[in-house]
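With our numbering applied, the sequence shown covers 512 to 995.
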Amino acid sequence: MGTGMEAEWSRVLDRLRSEFDGSVFNSWFKPLALVNIEDGCAVIAAPTRFMRTWLESNYADRIRSAWKSENPSVSDISFIVLSGFSTANQNSGSEVLTEGGGASLAGPGGKAHHPATKNQPQAQKRAIEVRSGPENTSKSTSEFGAPLDPRFTFDSFVVGKSNELAYAAARRVAENKEVHFNPLFLHSGVGLGKTHLMHAIACAHLEKFPERRVVYLSAEQFMYQFITSIRYKDTMSFKQKFRSVDLLMIDDLQFIANKQSTQEEFFHTFNALIDHSRQVIISADRSPTDMEGIEERIRSRLGWGLVADIYPTDYELRLGILQQKANKVPEVDISLAVLEFLARRVTSNVRELEGALNRMIAHATLIGRPITLEMTQEVLKDLLRANVRRVSIDEIQRRVADYFNIRLSDLLSSRRARQVARPRQVAMYLAKKLTAKSLPVIGREFGGRDHTTVMHAVKRIDELRLSDSGLEEDIQHLERIFGT
Ligand code: ADP
Ligand code: MG
512 MGTGMEAEWS
522 RVLDRLRSEF
532 DGSVFNSWFK
542 PLALVNIEDG
552 CAVIAAPTRF
562 MRTWLESNYA
572 DRIRSAWKSE
582 NPSVSDISFI
592 VLSGFSTANQ
602 NSGSEVLTEG
612 GGASLAGPGG
622 KAHHPATKNQ
632 PQAQKRAIEV
642 RSGPENTSKS
652 TSEFGAPLDP
662 RFTFDSFVVG
672 KSNELAYAAA
682 RRVAENKEVH
692 FNPLFLHSGV
702 GLGKTHLMHA
712 IACAHLEKFP
722 ERRVVYLSAE
732 QFMYQFITSI
742 RYKDTMSFKQ
752 KFRSVDLLMI
762 DDLQFIANKQ
772 STQEEFFHTF
782 NALIDHSRQV
792 IISADRSPTD
802 MEGIEERIRS
812 RLGWGLVADI
822 YPTDYELRLG
832 ILQQKANKVP
842 EVDISLAVLE
852 FLARRVTSNV
862 RELEGALNRM
872 IAHATLIGRP
882 ITLEMTQEVL
892 KDLLRANVRR
902 VSIDEIQRRV
912 ADYFNIRLSD
922 LLSSRRARQV
932 ARPRQVAMYL
942 AKKLTAKSLP
952 VIGREFGGRD
962 HTTVMHAVKR
972 IDELRLSDSG
982 LEEDIQHLER
992 IFGT
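Dropping the structure here:
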């Protein structure tokens with residue numbers, strides 16, 4: 512395909528990237544490839560039929576308007592399915608698509624099957640690559656899984672205090688066929704590496720055991736496939752395909768909260784796999800016990816294996832990540848002082864940290880001069896303002912309950928048993944120290960307590976910190992969790 516077309520496509524992708532959340536972009540747009548533009552219609556290839564259908568019903572308008580703003584002469588788009596290819600999964604062993612090769616130009620819907628794509632010269636098909644051989648031996652999860660991002664490997668994952676447990680567990684699962692803990696449940700706030708670790712597991716596992724059936728997909732995609740199977744009265748094959756998997760990973764499970772029938776199906780799949788000693792890995796934005804809108808029996812079963820929490824990053828980890836990323840672009844000169852400044856100031860999550868560094872790299876490339884601290888402050892003004900770390904009372908309550916192994920509801924209850932009363936005081940204490948909230952507001956958030964109760968808790972914990980070294984350690988640990 513012409514380079515003009517390719518450039519246009521990458522600008523369309525840039526637009527979409529800025530419109531959507533990173534995970535949406537990575538799941539739905541990054542795996543696409545442009546096949547051709549003709550008669551004002553852009554033909555776009557998706558790696559699976561389910562992706563095509565989902566794109567058509569959910570994102571077609573947005574893609575169409577992104578094209579129109581980029582090039583008004585493109586007034587329509589259509590999708591085709593090329594199974595077994597993904598731009599997000601290019602590797603050197605792959606071949607350019609040829610007629611009758613491993614990939615199939617599927618077009619069951621008829622209309623989306625664009626006949627013109629059949630007779631193009633090789634050069635026009637450059638953008639689409641298929642995995643070598645029909646056996647799907649290269650890195651990707653099987654047909655109904657989502658494509659993997661090749662940048663998300665164990666090598667590119669920087670390990671620190673906040674993620675070492677999750678990392679070690681991920682490695683253990685990736686390197687073994689035997690099941691040690693089932694399920695592995697990873698949880699953290701956004702942008703802290705859950706998806707990265709899951710892709711790394713899939714990659715490493717398939718590299719070591721190419722014959723294994725590994726499937727990675729988001730809970731959203733799981734639900735979509737389930738609903739589709741109901742619509743087409745094909746739930747049998749839905750069940751069969753999920754139950755024949757050796758390693759199943761479902762990302763962002765919180766998505767199926769309050770979705771009863773999907774939960775039900777997920778639970779059956781989950782139980783079937785665990786009963787047959789197949790490995791299951793789940794990620795979510797909170798711990799199993801805190802998953803609201805998920806049935807109790809599911810929640811409790813989710814916690815049966817290993818629950819690994821990724822905490823917010825600390826300074827060392829942030830600096831490590833920045834150094835690793837900066838090393839990948841040796842042609843751009845970024846001083847240690849600038850990296851240190853970013854590590855100190857951009858504390859929200861790794862995604863933002865990467866974003867900040869990328870902006871500085873882009874800036875340096877444009878002006879062709881080394882980056883100074885003053886420049887950094889100027890370029891990242893908005894981001895830095897937004898990154899004054901804000902811990903919420905809700906987050907404090909959840910983390911503290913987790914840490915002391917009590918239920919959030921008990922922490923907020925009026926129970927006075929010591930094993931809940933002390934953690935409650937600790938949580939109030941941290942709420943006072945780490946947020947700007949007033950005593951009455953804090954009291955209200957703790958089950959409608961009086962401000963004097965909060966005041967008392969703060970005083971009591973201040974005293975205990977001096978006399979009770981165990982408690983002092985607990986608090987230091989918790990403070991680290993909140994990145995302070
Ligand atoms: P989550 O799924 O928890 O929201 P992601 O896995 O998508 O987060 O991570 C967001 C971005 O931060 C990704 O680009 C990822 O590569 C990067 N990232 C997160 N943690 C690390 C880490 N420890 N080392 C290197 N990169 C990381
Ligand atoms: Mg994610």
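Positions of the beta carbon are idealized from the N, C-alpha and C atoms, including for glycine.
Three-state class that DSSP yields for residue i in the structure shown
i, result
"Val669", "coil"
"Ala544", "strand"
"Gln766", "Sequence inspection shows Phe at residue 766; the Gln mentioned does not correspond to that position. Helix at Phe766."
"Glu842", "coil"
"Glu689", "coil"
"Thr865", "Contrary to the premise, residue 865 reads as Glu rather than Thr in this sequence. Glu865: helix per DSSP, three-state reduction."
"Leu989", "helix"
"Phe777", "helix"
"Leu695", "strand"
"Ile917", "coil"
"Ala655", "Residue 655 is actually Phe in this sequence, not Ala. The answer is coil: DSSP assigns Phe655 none of H, G, I, E or B."
"Ile591", "strand"
"Met802", "coil"
"Leu566", "helix"
"Leu853", "helix"
"Leu703", "coil"
"Leu891", "coil"
"Glu974", "helix"
"Glu549", "strand"
Cβ-heavy atom distance, residue i to the ligand ADP, below 6 Å
i, result
"Thr664", "no"
Rounded straight-line distance, which links the Cα of residue j to that of residue i
i, j, result
"Gly613", "Arg862", "Low per-residue confidence applies at Gly613: pLDDT is 27, beneath 50, and the placement is therefore not dependable enough to give any value."
"Ser798", "Val818", "8 Å"
"Thr858", "Lys943", "20 Å"
"Gly656", "Ser748", "15 Å"
"Ala518", "Asp525", "10 Å"
"Gly981", "Glu990", "14 Å"
"Asp913", "Cys714", "31 Å"
"Thr824", "Gly831", "11 Å"
"Ser589", "Glu530", "20 Å"
"Gly704", "Asp550", "43 Å"
"Phe957", "Lys770", "29 Å"
"His710", "Arg929", "43 Å"
"Pro694", "Trp815", "7 Å"
"Lys688", "Arg723", "9 Å"
"Val546", "Gln736", "26 Å"
"Glu806", "Phe766", "13 Å"
"Arg910", "Ser673", "13 Å"
"Pro583", "Ser903", "46 Å"
"Glu775", "Val840", "47 Å"
"Leu717", "Asn898", "38 Å"
"Val937", "Gln987", "11 Å"
CB contact check: residue i to chain B, cutoff 7 Å
i, result
"Val818", "Structure shown: chain B not included; a single protein chain is present."
Residue i beta carbon near the ligand MG (any heavy atom closer than 6 Å)
i, result
"Ser538", "no"
"Asn534", "According to the sequence displayed, residue 534 carries Ser and not Asn. Yes, since a heavy atom of the ligand MG falls inside the 6 Å radius drawn around the Cβ of Ser534."
Start and end residues, alpha helix (DSSP H) containing residue i
i, result
"Ser586", "Here Ser586 belongs to no alpha helix (DSSP H), and DSSP marks it neither H nor E."
"Ser794", "It is not in any alpha helix (DSSP H) - Ser794 instead sits in the beta strand (DSSP E) that spans 790-795."
"Tyr940", "929-945"
"His1013", "Because the chain here runs from 512 to 995, residue 1013 falls outside it and cannot be looked at."
"Val952", "950-956"
"Phe749", "746-754"
Boundaries of the beta strand (DSSP E) in which residue i is found, first to last residue
i, result
"Val998", "Because the chain is modelled from 512 through 995, residue 998 falls outside the range shown and cannot be assessed."
"Leu817", "817-820"
"Leu728", "725-729"
Quiz item: Residues with a Cβ closer than 5 Å to any heavy atom of the ligand ADP, in chain order?
Solution: Chain-ordered list of matching residues: Phe668, Val669, Val701, Gly702, Leu703, Gly704, Lys705, Thr706, His707, Ile832, Val861, Arg862.
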